[in-house]
Amino acid sequence: MTTDEVAVIAGTPYDSGLGAELLRAAGLAAVPHAMAASPDEQDSLQHQDPGALATAFHARLAELRARGGELAMLFCNSLSAVVDHDSSALPVVSPVTVYREAFPRLRSSLVVTGNAHALVGVERTAWQVSPGHRMVGVSDPGLVRGIEAGDPAAAYETSHLPATLRLAEQLGLEAVVLACTHFTAVLPFVTAACALPVVDVGTRLVELTVEAVTNRAAAA
14 MTTDEVAVIA GTPYDSGLGA ELLRAAGLAA VPHAMAASPD EQDSLQHQDP
64 GALATAFHAR LAELRARGGE LAMLFCNSLS AVVDHDSSAL PVVSPVTVYR
114 EAFPRLRSSL VVTGNAHALV GVERTAWQVS PGHRMVGVSD PGLVRGIEAG
164 DPAAAYETSH LPATLRLAEQ LGLEAVVLAC THFTAVLPFV TAACALPVVD
214 VGTRLVELTV EAVTNRAAAA
């Protein structure tokens, strides 16, 4: 790994690869690093052995730093809820960074995640930075698996998300937060179907990472 490459750490090869692809499209060198082989394996680690997962995550960061890495993007909402990355071997741009930025500007939101771990992480951060925030949270592991199967359009149409977006509008919520990096793949369908502002955590993670690399280069 070279110093100008961003390490993209995520739960599965799909989302680590998607994050790296988006960074490359933005003009950055990026290398994907998956912590598990599939959503099922990642969920199992999060539920059954989060300590081992956290240890493996920090070992990966230490290894990347030893090889010359300077920045990581954590492109997985549920993983960001399980591992403590505020103090780590490399600076990490994380979904938590996006939550801390977005929630103080919102009074209410529909938050859609890939599993319940991610939902807990979002709620915890919302409580810390915007205690009065009204959050309606839904997790949809099935949508994650449908996206991984290779047909995001079909996965979206057969999921509960279209109906949930209509419910968010009926409840008068201010915004929809797509708090799963897999869901960046269905962002065009969400924005076409929903009149509410949409915060896509995956898209914002890429923007923040580009900003971080630009700032580091300017300071060098």
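Each step along the sequence shown adds one to the number in our numbering, with nothing skipped, and position 149 is 162.
Where a beta carbon is used, it is the ideal one built from N, C-alpha and C, also for glycine.
Worksheet entry | Beta-carbon contacts of H146 that lie in its chain and below 6 Å, excluding the five residues immediately before and after | F116, A139
Worksheet item: Can you tell which of L87, P26, D99 has the C-alpha that lies nearest to the C-alpha of L218?
Response: L87
Practice prompt. Quick one: measure Cβ to Cβ for L92 and G24, integer angstroms, because I've assumed they're closer than 8 Å.
Written response: 5 Å
Item to complete: Grab me the residues of A129's own chain with a C-beta within less than 6 Å of its C-beta, minus the 5 sequence neighbours each way, in chain order.
Response: S152
Practice prompt. Starting from A230, trace the beta strand (DSSP E) both ways and give me its first and last residue.
Written response: Note, A230: premise wrong, no beta strand (DSSP E); alpha helix (DSSP H) at 214–232.
Discussion item. Among the candidates R73, E187, P26, whose CA atom is the shortest distance from the CA of T194?
Written reply: P26
Item to complete: Could you spell out the range, first to last residue, of the alpha helix (DSSP H) harbouring E170?
Response: 165–171
Item to complete: Out of A38, A225, L174, G185, point me to the one whose CA is closest to G127's CA.
Response: L174
Worksheet item: Hey, how far is the Cα of D97 from the Cα of G134?
Response: 11 Å
Worksheet entry | Three-state secondary structure (DSSP) of T194 | helix
Worksheet item: Comparing alpha-carbon positions, which option in V212, T222, H46, S122 lies nearest G185?
Response: S122
Worksheet entry | Cut-off 8 Å between Cβ atoms - residues of its own chain near A72, not counting five sequence neighbours on either side | none
Practice prompt. Give, in chain order, every unbroken run of the alpha helix (DSSP H) that is at least 4 residues long and sits entirely within the segment 107–154.
Written response: 108–115, 129–142
Worksheet item: Do L103 and R78 have their CB atoms nearer than 7 Å?
Response: yes
Worksheet item: Per DSSP, what kind of secondary structure is P201 in: helix, strand or coil?
Response: helix
Item to complete: Could you tell me if Q61 is buried or exposed, where buried requires 16 or more neighbouring beta carbons within 10 angstroms of its beta carbon?
Response: exposed
Worksheet entry | Delimiting residues of the alpha helix (DSSP H) encompassing E182 | 174–183
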